[in-house]
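Residues 0 to 158 (numbering that gives the first Met the number 0) are what the sequence shown spells out, left to right.
Built from N, CA and C at the ideal position, the CB exists for glycine as well.
What you are looking at is a predicted structure, and each value in this text was computed from that prediction instead of being measured.
Written below as structure tokens is the structure these notes are about.
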Amino acid sequence: MIGNDVIDLALARVESNWQRKGCLDKLFTTKEQNLIFSAKNPTLMVWILWSRKEAVYKIIRQEDGLRGFYPLKIENTDYDSGIVCFNKKEYYTKTVQKGDMLHTIALRNLQFNKISELNTSIEIHKKDEIPFIITNGKNHFISKSHHGRFEKILLLNLS
Numbered sequence: 000m001i002g003n004d005v006i007d008l009a010l011a012r013v014e015s016n017w018q019r020k021g022c023l024d025k026l027f028t029t030k031e032q033n034l035i036f037s038a039k040n041p042t043l044m045v046w047i048l049w050s051r052k053e054a055v056y057k058i059i060r061q062e063d064g065l066r067g068f069y070p071l072k073i074e075n076t077d078y079d080s081g082i083v084c085f086n087k088k089e090y091y092t093k094t095v096q097k098g099d100m101l102h103t104i105a106l107r108n109l110q111f112n113k114i115s116e117l118n119t120s121i122e123i124h125k126k127d128e129i130p131f132i133i134t135n136g137k138n139h140f141i142s143k144s145h146h147g148r149f150e151k152i153l154l155l156n157l158s
């Protein structure tokens, strides 16, 4: 399973106010808030941590079918290595910033070398709101993310 999240940082600056009262308490654990407040760039740290949570959430949807809003149950437990946990399961994340684009990929294993980025014009199907593509008669789950000017569609090649 694969998850990814992309954030248009320029749009996020305009549309979101993470500093409003109570916002961080709804989205981030105490440990994560400490990372935010000790960061050189707290705003960027908010979006890195949030992007990791969103990418992991997409895997959780694929694995367990769980829907809902439970960001405090998805925790960035090891910031430097990109480990995020949910229900005692570890997920591995990699986050890259290029200009105003922040992109996170999440996996259950460390097979980041087996990821392919797909063309955004590819035909995407959905089953229970989970995206997949069909190649050679087989269904392959993918992860699609878009925000503002950016869109990423990823496939984990395990064959």
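Residue span of the alpha helix (DSSP H) that contains residue i, given as start and end
i      : result
Ala225 : Past the boundaries of the shown model lies residue 225; the chain is included only from 0 to 158, so the question cannot be answered.
Pro41  : 41 to 63
Short Cβ contact (9 angstroms threshold) for residue i with residue j
i      : j     : result
Leu155 : Gln96 : no
Glu150 : Val5  : yes
Val45  : Trp17 : yes
Ser115 : Glu53 : no
Leu8   : Leu34 : no
Thr94  : Ser50 : yes
Exposure of residue i, with buried meaning 16 or more beta-carbon neighbours within 10 Å
i      : result
Lys25  : exposed
Lys153 : In the sequence as displayed, the identity of residue 153 is Leu instead of Lys. Buried is the call here.
Val13  : exposed
Leu106 : buried
Ile59  : buried
Glu62  : exposed
His102 : buried
Ile1   : buried
Lys126 : exposed
Thr134 : exposed
Lys57  : buried
Thr29  : exposed
Any C-beta of chain B under 9 angstroms from that of residue i
i      : result
Leu155 : The structure shown has no chain B; it contains just one protein chain.
N-terminal and C-terminal residue of the beta strand (DSSP E) that residue i is part of
i      : result
Asp77  : 74 to 77
Thr134 : 129 to 134
Ile189 : Beyond the ends of the chain as shown, which are 0 and 158, falls residue 189; an answer cannot be given.
Lys126 : 124 to 126
Asn138 : 137 to 146
Secondary structure of residue i, DSSP reduced to three states
i      : result
Phe36  : helix
Phe111 : helix
Leu101 : strand
Thr29  : helix
Leu71  : helix
Leu154 : strand
Leu175 : With the chain running from 0 to 158 in the structure shown, residue 175 is simply not present.
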